[in-house]
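Data first, discussion second: the structure below is written as structure tokens.
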Amino acid sequence: MAEQIGTRILGGVYPPGQTLAEEPLLCEEFGVSRTVVREAVRMLVAKGMLEVRPRIGTRVLDPKDWQLLDRAVLQWQQGVQLDGGQLKDLIELRQAVEPDAAALAAQRRTDGDMQAIRDALAQMEKTVGQNNEYVVADARFHIAILHTARNRYFDALENAIFTGLLLSIRLTNPDAARNRKSLPLHRDISDAIADGDAAQARRAMTAHLTDAAARLAARLDAAPDAR
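Written out as structure tokens, the structure reads:
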């Protein structure tokens with residue numbers, strides 16, 4: 001039940017400021033007991049999405065209060081259509097983190113790390129015409145680089161990076177042709193890390209994410225309802 005309500009909040013079905021139905025009505029709507037409703041509300045309060053106020057009820061909080069990097073919240077976001085502002089925020093997070101992660105990866109990579117990066121790249125090449133499989137391989141590529149940086153705080157952003165990639169690629173890479181065009185950018189990143197060239201790894205990742213951000217902005221401009 002927490003996931004159902006959380007997804008509705010993230011998707012705008014329950015907008016900030018809205019008061020949820022009273023407990024008996026929620027029990028009836030979701031077909032659960034009061035204990036289940038209370039546990040779901042407690043969970044969402046802990047994630048900063050709801051607040052419970054005496055004589056007022058259970059109210060949806062402003063997005064600035066949401067624990068957006070919480071693992072469950074990130075997973076819920078993958079199942080909703082985020083608006084353009086949220087997608088831009090996610091790609092800006094990637095632009096802030098991933099170039100430095102690539103530079104550190106170039107300095108700290110091992111043979112095993114490079115194998116993981118190359119395996120993911122090979123899978124991208126193999127599935128270039130199959131978008132669902134391609135996005136998984138693309139995510140593996142970026143997460144492998146994040147892990148190779150060997151920074152525990154970067155590791156903590158793994159789910160945010162994956163969510164940002166998964167949601168934005170639906171717009172930025174609509175077909176196999178676009179996937180093929182992005183492959184050289186990924187090869188440049190892999191090659192720079194393999195060469196131990198931190199500066200070039202940073203430049204290559206920056207170029208890739210700048211390209212992705214530009215394509216995202218173009219698609220959002222072409223689809224005003226997604227803004």
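Residue 1 is where the sequence shown starts when you use full-length UniProt numbering, and the numbers rise one by one after that. Each residue gets a CB set at the ideal place from its N, CA and C atoms; glycine is no exception.
Using CA coordinates, which residue listed in the options is at the minimum distance from residue i?
i, options, result
"M43", "E28, Q78, E3, L69", "E3"
"L68", "L157, Q107, M114, T19", "L157"
"residue 228", "Q18, I161, E98", "This structure gives no information on residue 228, because the portion of the chain shown stretches from 1 to 227."
"E22", "V13, R34, G11, G12", "R34"
"R215", "I56, N179, L82", "N179"
"H147", "G12, L82, D113", "D113"
"D65", "K47, A198, R55, I56", "K47"
"V13", "Y153, L82, R38, A198", "L82"
"R109", "A218, L209, A198, T210", "A198"
"L209", "L25, E98, P24, R38", "E98"
"I161", "K88, D195, G11, L25", "K88"
"A177", "L167, T127, Q200, A194", "T127"
"G196", "D111, A217, N151, A218", "D111"
With a CB to CB cut of under 6 Å and the five nearest residues on each side skipped, what residues in its chain are close to residue i?
i, result
"I9", "M49, V60"
"R227", "The predicted position of R227 is uncertain, since its pLDDT is 47 and thus under 50; a value taken from the coordinates is nonetheless stated next. Within the same chain, R227 has close Cβ partners G84, L220."
"D62", "P16"
"L20", "T58"
"A144", "A116, I117, A120"
"A194", "M114"
Once the 5 residues before and after residue i are set aside, which same chain residues still bring their CB inside 8 Å of it?
i, result
"L165", "R94, V135, D138, A139, H142"
"D175", "N131"
"V37", "M1, E23, L26, C27, F30"
"N151", "A101, L104"
Tell me whether the beta-carbon of residue i lies closer than 8 Å to the beta-carbon of residue j.
i, j, result
"T172", "A207", "no"
"L185", "A149", "no"
"A106", "A192", "yes"
"R163", "Q86", "Reading off the sequence, residue 163 comes out as Thr, not Arg. Contact flag unset, no."
"M205", "A96", "no"
"D100", "R202", "yes"
"S168", "I91", "yes"
Going by DSSP, what residue range makes up the alpha helix (DSSP H) through residue i?
i, result
"L50", "It is not in any alpha helix (DSSP H) - L50 instead sits in the beta strand (DSSP E) that spans 50-53."
"R202", "198-222"
"T35", "34-46"
"R71", "71-77"
"R108", "84-108"
"L140", "According to the sequence as given, residue 140 is Arg; it is not Leu. R140 -> alpha helix (DSSP H) spans 131-148."
"Q4", "2-10"
"P24", "23-30"
"N179", "176-194"
"Y153", "152-155"
"G112", "111-126"
"T172", "158-172"
Return the chain-ordered list of same chain residues with a C-beta closer than 7 Å to the C-beta of residue i, the five sequence neighbours on each side being excluded.
i, result
"S190", "I117, R118, L121"
"E51", "V45, R59, L61"
"A40", "M1, A2, I5"
"T7", "W76, G79, V80"
"M124", "Y134, A137, D138, F141, L183, H186"
"G129", "A176"
In the DSSP assignment, the beta strand (DSSP E) including residue i goes from what residue to what residue?
i, result
"G57", "57-60"
Touching or not, the stretch 72-92 and the stretch 20-35, by the rule of three or more beta carbon pairs under 8 Å? Too few Cβ pairs lie closer than 8 Å, so no.
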